[in-house]
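Report on one structure; see the data block that follows.
Next comes the structure, spelled out in structure tokens:
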């Protein structure tokens, strides 16, 4: 138990807490007149002036509930406690003040562990004081505590669900880096093998054909320069030691395998345009992986699709991949899948871009643009 409390106490704040969005201003703009209107239409409200002033005065705490959750809880529940003392123990009965439940939610959604523990203690002290000073009965007391605890549980659930998804996304990105590192390993191995073969050929013909040795050295120089560039990319990508996969890397020529008629789902048509000779092997492998993932997603999710088009076009500086299906325009709702996340990560590591989304008429498309050299960022 001590270890659990210490772990919660040391919990950092949730990252990327939004400051204020348009919905916050709308909420504040609605609550202010509602609180005033309630004071007008409820002449029998106990301590009406204090209740309405409290409901109106605490509305701005909602604007800082994500960035300063503990401070807002201290202000709101502290002022509420002082107001109850001023009214002789009677709890303010403004129904508008239900918005204060957003503060404990934000505290457990965005605050640190120590802020959550301190804030919870303040909330419980305030609730206990209210029950002692103005006992509403066992049923109302139990319901009030249950509502507060439910709000806290919802905030904590959203917090840890977001954290779990973040860990899964990080894992997907790491796996994509590992796969890219394997492809880069194959590329470097290819260059080194070519250098060794040309060196052997140059040595074998040096005596009879001195010019052949010069040509071999020129080829070796070019291969060495390309190998060094790929090695720099590998060092940039690798964050930890990754076991090398010695299986041959994929290339654009392998895209024809995606047209296999034995696969279920829509048919796949591959089109290749432009000059693809001399592309970096890492770029070719990335184009294949991106196309493979896009076709797999189309076969899984494109409802009523009959055809998937895979088009690769290359120019002097870049290679463009376009994958589109003719399925229904609606895809499953929710956050982007991990496959798309991995595709974006792979393209970004090679200095390119990747985007996925619905077509204007029907279907879904994936577009990726990579530099021919595949220089990692």
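Residue numbers (the UniProt record's numbering): 1 to 377.
Every residue gets a Cβ at the ideal spot worked out from N, C-alpha and C, and that includes glycine.
Which of helix, strand or coil DSSP assigns to residue i
i	result
residue 68	coil
residue 160	helix
residue 90	coil
residue 348	helix
residue 265	coil
residue 322	strand
residue 358	strand
residue 302	coil
residue 379	Since the first and last residues shown for the chain are 1 and 377, residue 379 lies out of range.
residue 170	helix
residue 21	coil
residue 115	helix
residue 57	helix
residue 80	helix
residue 105	helix
residue 288	helix
residue 16	coil
residue 342	helix
residue 195	helix
residue 97	helix
residue 240	Any reading at residue 240 must be qualified, since the residue scores a pLDDT of 43, below 50, and its modelled position is unreliable; no value is offered.
residue 136	coil
residue 279	coil
Span separating the alpha-carbon of residue i from that of residue j
i	j	result
residue 18	residue 76	20 Å
residue 325	residue 292	13 Å
residue 353	residue 97	48 Å
residue 72	residue 103	7 Å
residue 351	residue 367	15 Å
residue 39	residue 59	15 Å
residue 10	residue 175	30 Å
residue 140	residue 118	25 Å
residue 87	residue 123	19 Å
residue 315	residue 252	15 Å
residue 271	residue 105	53 Å
residue 275	residue 281	14 Å
residue 415	residue 56	Within the shown structure, residues of the chain are numbered from 1 to 377, placing residue 415 beyond reach of any answer.
residue 302	residue 255	20 Å
residue 299	residue 308	9 Å
residue 85	residue 79	10 Å
residue 95	residue 121	24 Å
residue 335	residue 295	Low confidence applies here, because residue 335 scores a pLDDT of 46, under 50, leaving its location unreliable and the question unanswered by this model.
residue 241	residue 313	Confidence at residue 241 is low in this model, with a pLDDT of 43, below 50, so its placement is unreliable and the value that follows should be read with caution. Their Cα atoms are separated by approximately 34 Å.
residue 250	residue 357	26 Å
residue 359	residue 328	10 Å
residue 171	residue 163	12 Å
residue 192	residue 217	13 Å
residue 45	residue 33	17 Å
residue 332	residue 365	At residue 332, the pLDDT of 49 sits below 50, so the modelled position is not reliable; the number obtained from the coordinates is stated separately. Taking the straight line from one Cα to the other gives about 15 Å.
residue 142	residue 24	30 Å
residue 108	residue 155	5 Å
residue 311	residue 224	32 Å
Residue i - partner residues in DSSP beta bridges
i	result
residue 401	The chain is shown only over 1 to 377; residue 401 falls outside these bounds and no answer can be derived.
residue 353	369
residue 313	273, 320
residue 307	267
residue 364	358
Chain C within 8 Å of residue i, Cβ atoms only
i	result
residue 36	Judged by its chain identifiers, the structure shown contains no chain C, having just a single protein chain.
Inter-residue CB distance, residue i and residue j (contact presumed, cutoff 8 Å)
i	j	result
residue 127	residue 148	7 Å
Contact test: residue i Cβ vs the ligand FMN heavy atom, cutoff 7 Å
i	result
residue 216	In the structure shown, the ligand FMN is absent, as is every other ligand, since no ligand is present at all.
Inset, instruction - Tell me, please, whether the stretch 310-325 touches the stretch 286-294 by the rule of three or more beta-carbon pairs shorter than 8 Å. - result: yes
Legend entry - Segment contact, 8 Å Cβ cut-off, at least three pairs: the stretch 16-33 with the stretch 63-75: Between the stretch 16-33 and the stretch 63-75, the count of Cβ pairs shorter than 8 Å is three or higher; the stretches touch.
Legend entry - the stretch 125-139 / the stretch 78-91 touching (three or more Cβ pairs under 8 Å): yes
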